[in-house]
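S.K.:
Numbering (my numbering), first residue to last: 18 to 407.
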């Protein structure tokens, strides 16, 4: 290596001595506190925390590191001085398990020329080399001398909470996953919270079933909005997603944003269902006085009551209305003698109690027939009321 240019004719012995001498010289230079500080800065810029980077700096000052690729990197330079002209490989330092690229250290800011004499048989050769490394004579353009004392912003991991309707929920700490590298006390920025329900645009006002005091979120899973007939009315198998976005600050000017996602699963509630059917007798033929139909119902139905009612001429014994409601039957028969000729339409009503088994197929089927003698214009209404889980 002569004046920064590598001499390929240099003997292997000469190359080895040059490599060893170069490594020793650079090792001594790197242990300078100012240079070690820059190495700590590089480690911090690469993602190492301030505390860990300071440990790296102390290890460099103590000489607890190893160097690799120094001589090979020097040979790869396309120019005599600038470390930025190193092509491959990069000179590296391994300290505390952290590998640091030293290319930025070898900037050509400060140079020193040295030589040694190697006896090789009858030939004596002089080796020249320019070593380059950062010193406090000039700071690199990107170096922040206060990097180790500057405030570091806090960090936080997103929070996910799975809750179930009607099951009491524990309070949620918005700072549960937050930390600060400087050990500062963290808080949630007042007025920074926004609430998004099932992916909507969001609002600064929390939903009625959610309260926030300081950094604590409380969810009322039994709030009326979540119950049958409420604004949301979660059913079994349905989920409500609430996202709380907020900002965390460290009191020293550092901040970060985070999100709490709450998923509330619906539980089975009791609901009431109703279905109705109407028919009017218009003649004596079977098709004119016979009716049938069915109601689609929830399979978890129970406490079912069917009311058969209307206005009809059901006075004499010969006048009647009968039929079936699923597995049950009903019958309404006049009580006057058969000689009665009264055709007055009077209100009537009959109830049929259904069993849980009637709901198992999801259908309540019914049919019925007026006797031929019932006056035309008589009506019937089949009305179902029942409870079900959902």
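Just so it is clear, CB atoms sit at the ideal spot from N, CA and C, and this is done for glycine as well.
The model shown is predicted, which means the values in this text are computed figures rather than measured ones.
By the DSSP assignment, the alpha helix (DSSP H) with residue 342 in it spans what residues?
M.R.: Within the chain shown, residue 342 is the residue found at index 325, counting from 1. From DSSP, residue 342 is part of no alpha helix (DSSP H) but of the beta strand (DSSP E) over 337-342.
S.K.: Distance check for residue 74 and residue 47, CA to CA, integer angstroms please.
M.R.: Numbered from its first residue, the chain shown carries residue 47 at position 30. Numbered from its first residue, the chain shown carries residue 74 at position 57. Each residue's alpha carbon lies about 10 angstroms from the other.
S.K.: Is it buried or exposed for residue 18, if we count other Cβ within 10 angstroms and need 16 for buried?
M.R.: Counting from one through the chain shown, the residue named residue 18 turns up at place 1. In this prediction, residue 18 has a pLDDT of 36, which is less than 50 and means its spatial position is unreliable; what the coordinates show is noted afterwards. Per the 10 Å Cβ criterion, buried.
S.K.: For residue 332, is the classification buried or exposed, using 16 other Cβ atoms within 10 angstroms of its Cβ as the cut-off for buried?
M.R.: Position 315 of the chain shown, counted from the first residue, corresponds to residue 332. Buried, since its Cβ has 16 or more Cβ neighbours within 10 Å.
S.K.: Going by DSSP, what residues sit across from residue 404 in a beta bridge?
M.R.: Taking the first residue of the chain shown as position 1, residue 404 is located at position 387. According to DSSP, which records beta bridges pairwise, residue 404 is partnered with 289 and 319.
S.K.: Between which two residues does the beta strand (DSSP E) containing residue 262 stretch?
M.R.: As a position in the chain shown, residue 262 is number 245, starting the count at 1. Unbroken beta strand (DSSP E) run through residue 262: 256-266.
S.K.: Just reading off the alpha helix (DSSP H) that residue 409 is part of, what are its end residues?
M.R.: Residue coverage of the chain in this structure runs from 18 to 407, which leaves residue 409 outside it and unanswerable.
S.K.: Three or more beta-carbon pairs under 8 angstroms between the segment 366-379 and the segment 279-295, yes or no?
M.R.: Too few Cβ pairs lie closer than 8 angstroms, so no.
S.K.: CA-CA distance, residue 192 and residue 263?
M.R.: Counted from its first residue, the chain shown places residue 192 at position 175. Counted from its first residue, the chain shown places residue 263 at position 246. Looking at the two C-alpha atoms, the distance is approximately 10 angstroms.
S.K.: What is the rounded straight-line gap between the Cα of residue 68 and the Cα of residue 198?
M.R.: Against the chain shown, residue 68 aligns to sequence position 51. Against the chain shown, residue 198 aligns to sequence position 181. The straight-line gap from Cα to Cα measures roughly 8 angstroms.
S.K.: Answer yes if the segment 305-315 comes into contact with the segment 370-384, meaning at least three C-beta pairs across the two stretches below 8 angstroms, and no otherwise.
M.R.: At 8 angstroms Cβ cutoff, the stretches touch.
S.K.: I need the straight-line Cα distance from residue 395 to residue 389, nearest angstrom please.
M.R.: Numbered from its first residue, the chain shown carries residue 395 at position 378. Numbered from its first residue, the chain shown carries residue 389 at position 372. Taking the straight line from one Cα to the other gives about 11 angstroms.
S.K.: DSSP beta-bridge partners for residue 310?
M.R.: Within the chain shown, numbered from 1, the residue matching residue 310 stands at position 293. Answer is 383, bridged to residue 310.
S.K.: So which of 353, 327, 224 and 338 has the shortest CA-CA distance to residue 362?
M.R.: For this step, residue 362 is matched to residue 345 along the chain shown. Comparing Cα-Cα distances from residue 362 to each of 353, 327, 224 and 338, the minimum goes to 327.
S.K.: For residue 324 versus residue 400, is the C-beta distance shorter than 9 angstroms?
M.R.: Numbered from 1 along the chain shown, position 307 holds the residue referred to as residue 324. Numbered from 1 along the chain shown, position 383 holds the residue referred to as residue 400. Yes, the Cβ-Cβ distance between residue 324 and residue 400 is below 9 angstroms.
S.K.: From the DSSP secondary-structure annotation, give me the bridge partner or partners of residue 169.
M.R.: Here residue 169 is taken as the residue at index 152 of the chain shown, counted from 1. Residue 169 pairs with nothing; no bridge assigned.
S.K.: Ends of the beta strand (DSSP E) at residue 236?
M.R.: In the chain shown, counting from the first residue as 1, residue 236 sits at position 219. That run of the beta strand (DSSP E) goes 233-236.
S.K.: Which residues in the same chain as residue 318 place their Cβ atom closer than 6 angstroms to its Cβ, once the five residues preceding and following it in sequence are excluded?
M.R.: Looking up residue 318 in the chain shown gives position 301. Around residue 318: 376, 403 and 405.
S.K.: Kindly indicate which three-state DSSP category residue 74 falls into: helix, strand or coil?
M.R.: As a position in the chain shown, residue 74 is number 57, starting the count at 1. If DSSP states are grouped into helix, strand and coil, residue 74 belongs with the helices.
S.K.: Helix or strand or just coil, what does DSSP make of residue 21?
M.R.: Walking along the chain shown from the start, residue 21 turns up at place 4. Confidence in residue 21 is poor, its pLDDT being 42 and thus under 50, which makes the residue's placement unreliable; the coordinate value appears in the next sentence. Residue 21 falls in the coil class under three-state DSSP.
S.K.: CB residue 345 to CB residue 338, shorter than 9 angstroms?
M.R.: On the chain shown, residue 345 is found 328 positions in, with the first residue counted as 1. On the chain shown, residue 338 is found 321 positions in, with the first residue counted as 1. No.
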